[in-house]
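S.K.: Below is one structure. I have some questions about it.
In my numbering, the protein residues as written are 204 to 312.
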């Protein structure tokens, strides 16, 4: 039987993950035109969003299977590390191609 504090902790962890994803999407959508102009990559603009959504769509069923095999906590932690790592890489990207690949990594969460 789970203790109420465990349930609260799990709920807070899930809410924080959804919050970080929502904020990330909102920030990228707002800043993308400026980033694209700075990196001079207007023809690749849509790929910044497409790479993230494609990788996220592909990995969701895989994470479900991995969670069944290894447990939810390790899979959740790996996904969070991938997301944060991808975010850091997005911050240091120096070209549109690098930014697209970094968004792909970020979407692997």
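Note that CB positions come from ideal geometry on N, CA and C, so glycine has one too.
Bear in mind the structure is a predicted one, so any value in this text is a computation, not a measurement.
1) Measuring CB atoms only, is the region 238-252 touching the region 297-308, in the sense that at least three cross pairs come out at less than 8 Å?
2) So residue 310 and residue 256 are supposed to be a Cβ contact under 8 Å. How far apart are they, rounded?
3) Taking C-beta to C-beta, are residue 283 and residue 306 nearer than 8 Å?
4) Given a threshold of 16 other Cβ atoms within 10 Å of its Cβ, counted over all protein chains shown, does residue 289 qualify as buried or as exposed?
5) Report the CB separation of residue 292 from residue 281 in whole angstroms; it is logged as a contact under 8 Å.
M.R.: In brief:
1) Touching, yes.
2) Against the chain shown, residue 310 aligns to sequence position 107. Against the chain shown, residue 256 aligns to sequence position 53. Beta-carbon to beta-carbon, residue 310 and residue 256 are separated by about 7 Å, close enough to satisfy the 8 Å threshold.
3) As a first step, residue 283 is located in the chain shown; it is residue number 80 there, counting from the start. As a first step, residue 306 is located in the chain shown; it is residue number 103 there, counting from the start. Not a contact, by the Cβ cut-off of 8 Å.
4) Position 86 of the chain shown holds residue 289. Buried, since its Cβ has 16 or more Cβ neighbours within 10 Å.
5) Locating residue 292 in the chain shown gives position 89, where the first residue counts as 1. Locating residue 281 in the chain shown gives position 78, where the first residue counts as 1. The pair is not a contact, with the Cβ atoms about 16 Å apart (cut-off 8 Å).
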